[in-house]
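Encoded as structure tokens, the structure appears first; notes follow it.
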Amino acid sequence: MIVTRSLTKHFGSFTAVDHVDLEVQEGDRYGFLGPNGSGKTTVIRMLLGLVYATSGEIEVMGMRMPARSAQVLPHVGSLIEGPSSYGHMSGRANLALLDAAGTAGSRRTRKLRINEALERVGLDGIDNRSVRKYSLGMRQRLGLAAALLRSPRLLVLDEPANGLDPQGIREMRDLLVELNEAGTTVFLSSHQLSEVEQLCTRVGIVDRGRLVLQERLEALRAPTGRVVVHSPDADRAAAMLDGQVQHREGDRLVVTAADATELNARLVAAGVRVAQIGAEHRSLEETVFAVTGSGSDRMDRADHVRHPVRDARGTATGQDGGVTGPPAGGEAG
Amino acid sequence: MIRVELVKLARRPRNWASVALLCGLPLLVAVFVAVTHLAPPPGQGPALLSEVLSSGSLYPAAALAIVLPVFLPVAVAVFAGDSIAGEADSGMLRYLLTRPVGRTRLLWAKLVALTVYVVTTVVLIALTAYATGTLLFGSQPVAAIRGSLTTSSVAATSLSGSGLSPVQLILRTLGAVAFIAVSMLGVAAIALFLSTVTDSSLGAALGALAALITSEVLVTLNSASAINPYLPTRYWLAWIDFFRQPILWRNIDRGFAVQAIYVGVFLAAAWAHFATKDITS
Amino acid sequence: MIVHPRARWRWAVVVCGTVLLGAFPAALAALPVAGSAVSPAALRARIMASASLPYQGYAESTVDLGLPPLPDLQGVSNLLDGTTDQYAWYRSPRHWRSDTLTAVGEDDVYQVCGATYLWNYSYNLLTRVLGTEPVRLPRAADLLPPALARQLLGLASAADHLSRLPSLRVAGVDAAGLRLVPADPATTVSAVDIWADPADGLPVEVRIMGRGTSRPVLVSSFLQVSQRRPALATVIPHPAPGVDVVTTRLSSLNGFLNEDHRRHPWPPRLGGLARLPIAGGGLAGVAAYGSGFARFALVPLPGTTGSRIVDAATAAGAAKVTLTGGTGVLIRTPLLTVLLASPPFRGITFLFAGAVSPALLESAASDLFSRFASRP
């Protein structure tokens with residue numbers, strides 16, 4: 001669906017995107033992860049023909065971009081760096097204008113398309129208030145509706161959860177899964193690990209302009225070969241498993257063992273009470289931290305490897321720095 | 334896309350406010366002149382204003398003379414400066430371009446919207462001024478020119494002292510309206526180009542106005558006479574030549590040509606820049 | 615900023631196009647001008663015979679005298695300092711019209727057979743002047759290249775030196791150049807350059823150089839000219855019903871003139887120059903002395919007008935000079951010299967003006983005052 005080869009973008013002397021080879025397959029729910037200012041937005045803008053690459057190639061739906069924008073973009077819905085609209089007009093009027101712009105669909109079915117898109121994002125009840133009076137969440141939904149207007153084959157969403165409340169985030173996730181199951185490829189960028197973890201099937205991680213990892217989420221979360229045991233009899237368990245225990249913390253033990261069921265049987269057989277037992281999986285957060293540096297909107301003096309970074313707009317986005325995730329590692333039990 | 338731009342043009346309250354202001358200023362002037370019967374002496378104050386007391390049908394031209402020096406260029410520069418920069422500022426530019434609307438096509442649609450705005454504004458000023466003029470000053474009593482082969486009615490006095498028939502007056506007013514509209518398109522082209530350069534519509538408008546002010550200063554400067562014919566405002570006032578008898582075409586022709594060149598050059602520059610610009614707004 | 619490769623060629627196209635457009639007029643001007651082998655005397659003869667040639671065109675005259683603004687003479691000082699744009703329709707010596715164009719109006723002169731019509735937009739007034747004026751203030755139409763060239767060549771004497779100048783393209787005409795250098799040392803005119811159509815002698819550009827300056831003090835040239843004969847209707851005034859029309863026999867100078875001096879017999883010689891006969895008997899009490907380029911006009915100004923002009927000139931920094939039998943204020947410009955001379959006892963000021971040296975005017979004024987002194 002999306003293939004880039006050696007995609008590079010310089011802004012002046014600053015390299016925003018550095019030899020990125022993306023590969024998004026049809027039907028993927030692709031999570032594009034990275035700290036702020038790591039070049040995510042620039043890559044997305046290049047995919048959509050807004051920013052021209054300094055070098056490298058882009059193919060979307062098998063066609064070269066930006067040369068074939070006119071053929072590609074009608075099948076792409078996008079939400080880039082937050083929704084935009086003409087504040088003095090109603091949401092419906094905004095969608096009507098957007099629908100009429102570009103290679104417009106039939107004028108007769110426009111109303112239908114708009115209603116359908118609004119319904120999908122849960123805005124079918126909106127009145128003729130001007131968008132200026134909308135809440136942040138409503139605007140985000142409107143932006144999503146605009147992206148869905150023409151039943152796209154590919155959805156490119158840049159930080160789609162911004163401004164949504166937990167309920168809204170959940171609704172959006174359900175919507176994206178539903179669309180994906182109906183055949184839409186979803187490419188979304190985020191710095192919210194949990195969002196990506198819960199939604200995506202494939203993950204690409206970008207750091208300071210370089211794609212440092214691209215893998216199926218399942219593969220990333222393969223067992224580590226260790227088992228986590230919670231037991232009120234932790235001392236006895238530790239004594240029994242001497243040499244296998246890697247780490248102990250109160251009644252929590254991390255044990256090197258290939259199979260949790262076999263270990264459980266041994267423990268129970270020895271009369272050790274087991275409160276909880278399960279194979280340890282790597283969390284996405286750990287993976288991310290393993291392959292990336294700190295958030296690049298930090299500016300450390302010590303090393304000169306790290307450049308002062310601006311994001312694509314040249315300004316700070318005002319969001320929390322760094323990659324954030326759930327407080328605990330993904331521990332399956 | 335052109336239709337979309339026209340819808341946006343028509344649905345923006347700000348645009349109507351600017352048109353209302355532009356039509357309102359001549360109205361205000363007309364009311365004062367009509368109430369006091371004190372018009373500036375001929376050759377002073379806004380062109381032709383002195384004549385309107387005797388013939389209200391000259392007021393469209395006088396009204397254009399009133400708004401031409403400052404008001405009209407400011408309104409046009411603000412409108413045109415908003416074209417691309419305004420979309421960039423509101424964030425809609427990226428959504429329009431990924432719709433997709435081709436960049437050249439977007440520029441073209443903006444140009445059409447600009448032209449419609451400029452022409453509509455100038456024509457509305459002329460129409461409201463005509464209504465104001467005939468209402469407040471009355472049209473000149475139809476008189477006959479004696480001595481010529483045919484007796485024809487006279488609607489107004491030309492700058493050369495001879496009479497203008499109603500048909501002549503209408504044609505010449507239309508000529509002046511067209512000339513001023515084209516002059517304003519020159520301003521619009523400069524602002525449109527700047528609008529593709531910056532993401533601030535105010536910056537683009539101010540840039541275009543700065544260019545105009547520079548030009549107006551240089552026009553009056555003898556030492557800059559070498560570049561005088563190239564300046565965008567050099568022939569701005571030549572619309573008055575439509576009201577001479579016979580019409581003095583030299584400066585009108587040149588004015589049209591200079592504005593056409595400005596429109597062409599700045600549109601080409603806007604195209605060259607915008608079509609390959611990184612949209613990071 | 616990395617420039618997109620396509621941006622480069624697009625900009626290249628735009629820049630090339632702009633440069634081509636901008637250079638187009640310059641390139642046209644740089645086209646070689648067809649030379650002409652006509653002799654100076656023949657060219658002069660053709661120019662002098664060009665009065666019957668019809669033409670119409672847009673002329674621009676720039677005069678840079680640096681005269682102070684003089685009250686009551688505003689029209690003249692505007693004309694002699696700054697740029698005057700006019701459009702002229704010349705059908706024949708008896709039928710022509712010239713519009714002096716301003717941004718908000720115009721001042722027109724119509725010559726219709728024996729009558730002159732002056733249209734002033736500012737006053738909404740058409741003035742019909744009957745008869746020819748033997749003496750009058752200069753007006754814009756005098757600066758039209760054909761009129762000015764013939765006027766200047768008419769002043770030339772046999773001693774003045776004529777030569778050819780390289781041809782010049784003026785308003786699309788490949789014009790042959792003629793230089794006239796006055797021999798008389800008393801005049802401030804160092805040279806007069808005239809370019810005219812070599813085929814029929816229609817002058818298209820005139821430049822006057824003053825002594826001691828390299829730049830021309832006066833340049834008058836056509837920006838656009840055609841030899842198409844204008845229609846008769848164009849050169850006849852058609853006042854609209856609301857226009858005021860007045861008829862007068864008075865000269866434009868009358869406003870300034872002192873009735874007393876109308877019949878005053880002017881001395882036959884002043885400053886060594888002879889009085890010039892004026893057709894019609896010197897209607898306005900004005901006298902002119904000299905010959906060729908070394909000539910000056912003498913105008914008596916009544917008390918209040920005179921003193922106002924003297925005050926304005928003094929305020930503008932004109933030099934005070936002492937004359938035998940009076941005082942004077944001298945305005946020097948690269949071309950024109952003006953002396954305002956007042957005898958101590960009478961409420962009158964004599965204005966001497968001409969393209970002559972200050973010393974000549976001072977001696978003329980002293981001569982005049984000495985005659986007053988010798989007369990009771």
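In order, the protein sequence lines correspond to chains L, S and P.
According to my numbering, the stretch in the first sequence is residues 1 to 333, in order.
According to my numbering, the stretch in the second sequence is residues 334 to 614, in order.
According to my numbering, the stretch in the third sequence is residues 615 to 990, in order.
All C-beta atoms, glycine included, are put in the ideal place defined by N, C-alpha and C.
Proximity test, Cβ basis, 8 angstroms: residue i and chain L
{"i": "Ala476 (chain S)", "result": "Annotation note: pLDDT 47 at Ala476 (chain S) (below 50); position unreliable, no value reported."}
{"i": "Thr609 (chain S)", "result": "yes"}
{"i": "Gly424 (chain S)", "result": "yes"}
Alpha-carbon spacing of residue i relative to residue j, whole angstroms
{"i": "Val268 (chain L)", "j": "Gly250 (chain L)", "result": "19 angstroms"}
{"i": "His709 (chain P)", "j": "Leu667 (chain P)", "result": "12 angstroms"}
{"i": "Ser106 (chain L)", "j": "Lys133 (chain L)", "result": "30 angstroms"}
{"i": "Ser78 (chain L)", "j": "Ala418 (chain S)", "result": "21 angstroms"}
{"i": "Gln192 (chain L)", "j": "Glu285 (chain L)", "result": "10 angstroms"}
{"i": "Met334 (chain S)", "j": "Arg108 (chain L)", "result": "17 angstroms"}
{"i": "Leu634 (chain P)", "j": "Phe607 (chain S)", "result": "22 angstroms"}
{"i": "Leu757 (chain P)", "j": "Val795 (chain P)", "result": "20 angstroms"}
{"i": "Ala222 (chain L)", "j": "Ala238 (chain L)", "result": "25 angstroms"}
{"i": "Gly480 (chain S)", "j": "Leu837 (chain P)", "result": "Legend: pLDDT at Gly480 (chain S) = 41, less than 50; position of this residue unreliable, value from coordinates given subsequently. Using only the alpha carbons, I get a separation of about 34 angstroms."}
{"i": "Met615 (chain P)", "j": "Ser13 (chain L)", "result": "Bear in mind that a pLDDT of 35 at Met615 (chain P), under 50, signals an unreliable position, so the model cannot answer this."}
{"i": "Arg343 (chain L)", "j": "Ala601 (chain S)", "result": "As displayed, chain L neither begins before 1 nor continues past 333, which places residue 343 (chain L) out of reach and without an answer."}
{"i": "Ser90 (chain L)", "j": "Val60 (chain L)", "result": "33 angstroms"}
{"i": "Leu355 (chain S)", "j": "Ala514 (chain S)", "result": "14 angstroms"}
Beta-carbon proximity check, residue i vs residue j, cutoff 8 angstroms
{"i": "Val596 (chain S)", "j": "Ala538 (chain S)", "result": "no"}
{"i": "Ile80 (chain L)", "j": "Ala96 (chain L)", "result": "no"}
{"i": "Val839 (chain P)", "j": "Val787 (chain P)", "result": "yes"}
{"i": "Gly378 (chain S)", "j": "Gly466 (chain S)", "result": "no"}
{"i": "Thr287 (chain L)", "j": "Val24 (chain L)", "result": "no"}
{"i": "Leu937 (chain P)", "j": "Phe986 (chain P)", "result": "no"}
{"i": "Leu382 (chain S)", "j": "Ala372 (chain S)", "result": "yes"}
{"i": "Leu679 (chain P)", "j": "Leu950 (chain P)", "result": "yes"}
{"i": "Asp807 (chain P)", "j": "Gly824 (chain P)", "result": "no"}
{"i": "Gln725 (chain P)", "j": "Ala702 (chain P)", "result": "no"}
{"i": "Ala257 (chain L)", "j": "Leu263 (chain L)", "result": "yes"}
CB contact check: residue i to chain S, cutoff 8 angstroms
{"i": "Ser828 (chain P)", "result": "no"}
{"i": "Pro760 (chain P)", "result": "no"}
{"i": "Val806 (chain P)", "result": "no"}
{"i": "Glu674 (chain P)", "result": "no"}
{"i": "Ala901 (chain P)", "result": "no"}
{"i": "Pro855 (chain P)", "result": "yes"}
{"i": "Gln838 (chain P)", "result": "yes"}
{"i": "Tyr52 (chain L)", "result": "yes"}
{"i": "Trp809 (chain P)", "result": "no"}
{"i": "Asp722 (chain P)", "result": "yes"}
{"i": "Ser69 (chain L)", "result": "yes"}
Supposed contact pair residue j and residue i - C-beta distance, whole angstroms, cut 8 angstroms
{"i": "Val385 (chain S)", "j": "Val366 (chain S)", "result": "7 angstroms"}
{"i": "Ser84 (chain L)", "j": "Thr8 (chain L)", "result": "Their Cβ separation, rounded to whole angstroms, is 28 angstroms, which puts Ser84 (chain L) and Thr8 (chain L) out of contact at 8 angstroms."}
{"i": "Ala810 (chain P)", "j": "Arg705 (chain P)", "result": "Going by Cβ atoms, the distance from Ala810 (chain P) to Arg705 (chain P) rounds to 19 angstroms, so no, they are not a contact pair."}
{"i": "Arg821 (chain P)", "j": "Pro812 (chain P)", "result": "Arg821 (chain P) to Pro812 (chain P), Cβ: 18 angstroms. No contact."}
{"i": "Gln592 (chain S)", "j": "Ser516 (chain S)", "result": "6 angstroms"}
{"i": "Val291 (chain L)", "j": "Leu241 (chain L)", "result": "So it is not a contact: roughly 32 angstroms between Cβ atoms."}
Min CB distance residue i to chain P below 8 angstroms
{"i": "Pro579 (chain S)", "result": "yes"}
{"i": "Ser493 (chain S)", "result": "yes"}
{"i": "Ala521 (chain S)", "result": "no"}
In DSSP terms, what residue i is bridged to
{"i": "Val739 (chain P)", "result": "Going by the sequence as given, residue 739 (chain P) is Leu instead of Val. Leu739 (chain P) is bridged to P:Asn734 and P:Asp858."}
{"i": "Thr8 (chain L)", "result": "L:Ser55"}
{"i": "Leu213 (chain L)", "result": "L:Ile205"}
{"i": "Met63 (chain L)", "result": "L:Val60"}
{"i": "Trp703 (chain P)", "result": "P:Gln670 and P:Arg711"}
{"i": "Val186 (chain L)", "result": "L:Arg29 and L:Leu155"}
{"i": "Ile945 (chain P)", "result": "P:Val952"}
Cross-chain neighbours of residue i in chain B, by beta carbon under 8 angstroms
{"i": "Trp710 (chain P)", "result": "No chain B appears in the structure shown, which is made up of the protein chains L, S and P."}
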